[in-house]
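S.K.: The structure under discussion is supplied below as structure tokens; questions concerning it will follow.
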Ligand code: ARG
């Protein structure tokens, strides 16, 4: 019996490889190795979707307390296309990943960069947005290169973000020049009142801030030191059906043109 399997193994392997080779490059890469559709979500199931709503234009709260933004519109469109129900929760960024494992939340969509480290503890959908880390420079500061950050006293980041990682890469992991804040609005406030002399964050967020605060005279500096990053939707590792549902729904709204409509609502030139 063992011998039997052993004889078939090379063939099985070849067949798998051939199949993989046939996958179109741009396919939404379903997490599993077969193309079967995700099981429909149970009719009464409402998924808890969490985000740190302090990150416009991806997520923020209105004065009435409603969570709005690109991520909300995308998830609403996905829920509609995929036939599932969602409920949104505003969650502090610090500890947001732990709320997946604890079962408190089922889905995280929060401008979350897919990283190798995060992939150890959760699963990510296919990428749905691309950014890179950039430097927000206030008027009067001369920053052109990442190394120029070394001449400053304090550089602001949100704790535990990829901006934090980027700052550590330039200034050193234990640098006392890195000023860590709990949320983006707190970092921005400190840039505005001169507490930190520059800030690092995601390009789309920094661009959005500059556009809406043009009177401040702030600039966005892009440096080659920071690589491209991709946002993904996170679910628990064991929730393979839910991950499939995320990928399929995302693919559906890309194909229907809904993704593009939402994109231009937030990022039209
Ligand atoms: N993309 C960055 C990261 O994953 C920042 C995300 C912050 N998101 C938020 N909603 N506050 O680390």
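In the numbering used here, the protein residues as written are -7 to 261. Think of the CB as a built atom: it goes at the ideal place given N, C-alpha and C, for glycine as much as any other residue.
CA-CA distance, residue 267 and residue 243?
M.R.: Residue 267 lies beyond the residue range present for the chain, which begins at -7 and ends at 261; the question has no answer from this structure.
S.K.: Is residue 48 buried or exposed, if buried means 16 or more other CB atoms sit within 10 Å of its CB?
M.R.: Buried, by the Cβ-count rule.
S.K.: Return yes when the C-beta of residue 46 is under 7 Å from any heavy atom of the ligand ARG, and no when it is not.
M.R.: Result yes, Cβ under 7 Å from the ligand ARG.
S.K.: Can you check which of these residues, 60, 30, 132 and 57, is closest to residue 74 by C-alpha distance?
M.R.: Among 60, 30, 132 and 57, the Cα nearest to that of residue 74 is on 30.
S.K.: From the DSSP secondary-structure annotation, give me the bridge partner or partners of residue 74.
M.R.: Per DSSP, none; premise fails for residue 74.
S.K.: Closer than 7 Å: is that where the CB of residue 100 sits relative to any heavy atom of the ligand ARG?
M.R.: Not under cutoff, so the answer is no.
S.K.: Below 8 Å between beta carbons: does that hold for residue 88 and residue 63?
M.R.: Cβ atoms of residue 88 and residue 63: not closer than 8 Å.
S.K.: Extract the residue ranges of the alpha helix (DSSP H) inside the segment 84 to 159, only unbroken runs of 4 or more that lie entirely within it.
M.R.: Within the segment 84 to 159, the complete alpha helix (DSSP H) runs of at least 4 residues are 90 to 93 and 108 to 111.
S.K.: With DSSP collapsed to three states, give me the class of residue 260.
M.R.: It is coil, neither helix nor strand.
S.K.: Could you give the DSSP three-state label for residue 37: helix, strand or coil?
M.R.: Correct three-state label for residue 37: coil.
S.K.: When the Cα atoms are used, what is the spatial distance from residue 91 to residue 97?
M.R.: Residue 91 and residue 97: Cα-Cα distance of roughly 6 Å.
S.K.: Nearest chain D C-beta to residue 145 closer than 8 Å, yes or no?
M.R.: You won't find chain D in this structure, because it holds only one protein chain.
S.K.: Report the rounded CA-to-CA distance for residue 261 versus residue 136, giving the unit in angstroms.
M.R.: So the alpha carbons of these two residues sit roughly 24 Å apart.
S.K.: What did DSSP end up calling residue 62 once you bin it into helix, strand or coil?
M.R.: Reduced to three states, the DSSP call for residue 62 is helix.
S.K.: Going by CA-CA distance only, name the one from 162, 166 and 155 that's closest to residue 176.
M.R.: The shortest Cα separation from residue 176 among 162, 166 and 155 belongs to 155.
S.K.: Are the CB atoms of residue 259 and residue 125 nearer to each other than 8 Å?
M.R.: No, they are not a contact pair.
S.K.: Going by the C-beta, is residue 301 closer than 7 Å to any heavy atom of the ligand ARG?
M.R.: Since the first residue shown for the chain is -7 and the last is 261, residue 301 is missing from the structure and cannot be characterised.
S.K.: Starting from residue 228, trace the alpha helix (DSSP H) in both directions and tell me its first and last residue.
M.R.: First-last for residue 228: undefined, no H or E at that position.
S.K.: Run through DSSP, which three-state label would residue 198 get?
M.R.: Note: residue 198 maps to helix in three-state DSSP.
S.K.: Look at the Cβ atom of residue 179, then the Cβ atom of residue 149, and state whether they are nearer than 8 Å.
M.R.: Result yes, Cβ atoms of residue 179 and residue 149 sit closer than 8 Å.
S.K.: For residue 61, is the classification buried or exposed, using 16 other Cβ atoms within 10 angstroms of its Cβ as the cut-off for buried?
M.R.: Looking at its Cβ environment, which holds 16 or more other Cβ atoms inside 10 Å, residue 61 is buried.
S.K.: What residues in its chain sit with their C-beta under 8 Å from that of residue 205, if we drop five residues either side in the sequence?
M.R.: Correct list: empty, nothing qualifies.
S.K.: Are the beta-carbon atoms belonging to residue 141 and residue 163 less than 8 Å from one another?
M.R.: Against a cut-off of 8 Å, the Cβ pair of residue 163 and residue 141 comes out as a contact.
S.K.: Could you name the residues of the same chain whose beta carbon sits closer than 7 Å to that of residue 53, not counting the 5 residues immediately before and after it, in chain order?
M.R.: Contacts found: 45, 59 and 82.
S.K.: Could you check the C-alpha separation between residue 21 and residue 235 for me, to the nearest Å?
M.R.: Unreliable positioning characterises residue 21 in this predicted model, as indicated by a pLDDT of 44, which lies under 50. The coordinate reading is nonetheless provided below. Rounded to whole angstroms, residue 21 to residue 235 spans 11 Å at the Cα level.
S.K.: My output table needs one value for residue 79: the three-state DSSP class, helix, strand or coil.
M.R.: Of the three classes helix, strand and coil, the one that applies to residue 79 here is strand, per DSSP.
S.K.: Note down the Cα distance separating residue 17 from residue 118, rounded to an integer number of angstroms.
M.R.: Only weak support exists for where residue 17 lies, its pLDDT of 40 falling under 50; the coordinates are left without a value.
S.K.: In the DSSP assignment, the beta strand (DSSP E) including residue 53 goes from what residue to what residue?
M.R.: 51 to 53 is the span of the beta strand (DSSP E), which, as asked, contains residue 53.
S.K.: DSSP three-state call for residue 233: helix, strand or coil?
M.R.: Of the three classes helix, strand and coil, the one that applies to residue 233 here is helix, per DSSP.
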